[in-house]
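**Q** Going by the working numbering, the sequence shown opens with residue 100, and the numbers climb by one from there. Handing you a structure now.
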Amino acid sequence: MPKTILARKKAMQPVGFRAQSILIDGRGHLIGRLAATVAKTILQGHSVVVVRCEGLNISGSFYRNKLKYLEFLRKRCNINPARGPFHFRAPSKIFTRIVRGMVPHKTERGKQATSFATVRGYYTVLISTSIRDFDLLHLVLDV
Numbered sequence: 100m101p102k103t104i105l106a107r108k109k110a111m112q113p114v115g116f117r118a119q120s121i122l123i124d125g126r127g128h129l130i131g132r133l134a135a136t137v138a139k140t141i142l143q144g145h146s147v148v149v150v151r152c153e154g155l156n157i158s159g160s161f162y163r164n165k166l167k168y169l170e171f172l173r174k175r176c177n178i179n180p181a182r183g184p185f186h187f188r189a190p191s192k193i194f195t196r197i198v199r200g201m202v203p204h205k206t207e208r209g210k211q212a213t214s215f216a217t218v219r220g221y222y223t224v225l226i227s228t229s230i231r232d233f234d235l236l237h238l239v240l241d242v
């Protein structure tokens, strides 16, 4: 009997597909809704840059969100805390972690989506950033 070699299925892109770099202004958006949109977009093969991550909104009261995040910061390795888990404080890193939680990053499809820095968050808009390189996407997420 001849051995059959099973080829791995690769994500098939539609004909005429062009991966886009999408620039999103994060100011005023709800963090979960924007993260869900970004996660769906990177799974489709696009790369996303989110600027002004410090302006993202979290629903609920400030006090409740602060207590919830402080409880999250207490989780650590008792033997050697330098081994992790690592908790980011920067708004851009918090956002990228939320997006990673919405992507199946342990599967092959998710690894392809999250590789090569497909999601990048920035604290403020830099003047040197050339916006011409990106397709602007205006998301209106009202509560």
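Glycine included, each C-beta is placed from N, C-alpha and C at the ideal position. In this text, all values refer to a predicted model and were calculated from it rather than measured experimentally.
So, under 8 Å CB-CB, residue 149 and residue 140 are touching, yes? Tell me the CB distance rounded to an integer number of Å.
**A** Along the sequence shown, one-based indexing puts residue 149 at 50. Along the sequence shown, one-based indexing puts residue 140 at 41. Wrong, their Cβ atoms sit about 11 Å apart, outside the cutoff.
**Q** Put residue 146 into one of helix, strand or coil per three-state DSSP.
**A** Against the sequence shown, residue 146 aligns to sequence position 47. The answer is strand: DSSP assigns residue 146 an E or B state.
**Q** For residue 204 and residue 196, what's the separation of their Cα atoms in angstroms?
**A** As a working mapping, residue 204 is identified with position 105 in the sequence shown. As a working mapping, residue 196 is identified with position 97 in the sequence shown. Each residue's Cα considered, the two are about 11 Å apart.
**Q** Determine the contact status of residue 159 and residue 125, defining contact as a CB-CB distance below 7 Å.
**A** Taking the first residue of the sequence shown as 1, we reach residue 159 at position 60. Taking the first residue of the sequence shown as 1, we reach residue 125 at position 26. The answer is no: Cβ separation not under 7 Å.
**Q** Helix, strand or coil, according to DSSP, for residue 151 in the structure here?
**A** Looking up residue 151 in the sequence shown gives position 52. Correct three-state label for residue 151: coil.
**Q** In chain order, what residues of the same chain have a beta carbon less than 6 Å from the beta carbon of residue 142, not counting five sequence neighbours either side?
**A** Position 43 of the sequence shown, counted from the first residue, corresponds to residue 142. Excluding residues within five positions, the ones whose Cβ falls inside 6 Å are 212.
**Q** When the Cα atoms are used, what is the spatial distance from residue 151 to residue 202?
**A** On the sequence shown, position 52 is the one that residue 151 refers to. On the sequence shown, position 103 is the one that residue 202 refers to. Each residue's alpha carbon lies about 22 Å from the other.
**Q** Should residue 129 and residue 156 be called a contact, given that it needs their Cβ atoms to be closer than 7 Å?
**A** Your numbering for residue 129 matches position 30 in the sequence shown. Your numbering for residue 156 matches position 57 in the sequence shown. Contact flag set, yes.
**Q** Residue 182 to residue 121, Cα distance in whole Å?
**A** Taking the sequence shown and counting its residues from 1, the one referred to as residue 182 is at position 83. Taking the sequence shown and counting its residues from 1, the one referred to as residue 121 is at position 22. Computed Cα separation, rounded: 34 Å.
**Q** Out of 165, 135, 180 and 145, which one is the CA nearest neighbour of residue 119?
**A** Counting from one through the sequence shown, the residue named residue 119 turns up at place 20. If we check each option's Cα against that of residue 119, 145 comes out closest.
**Q** Identify whether residue 118 lies in helix, strand or coil by the three-state DSSP scheme.
**A** Numbered from its first residue, the sequence shown carries residue 118 at position 19. Residue state, collapsed to three classes: coil.
**Q** Looking at residue 191: is its Cβ nearer than 7 Å to the Cβ of residue 221?
**A** Translated into positions along the sequence shown, residue 191 becomes position 92. Translated into positions along the sequence shown, residue 221 becomes position 122. Yes, the Cβ-Cβ distance between residue 191 and residue 221 is below 7 Å.
**Q** Can you tell me whether residue 185 is buried or exposed? The criterion is at least 16 other CB atoms within 10 Å of its CB, across all chains shown.
**A** Position 86 of the sequence shown, counting from 1, holds the residue named residue 185. With fewer than 16 Cβ atoms within 10 Å of its Cβ, residue 185 is classed as exposed.
**Q** Between the alpha carbons of residue 178 and residue 214, how many angstroms are there, rounded?
**A** Residue numbering aside, residue 178 sits at position 79 when the sequence shown is read from its first letter. Residue numbering aside, residue 214 sits at position 115 when the sequence shown is read from its first letter. Taking the straight line from one Cα to the other gives about 31 Å.
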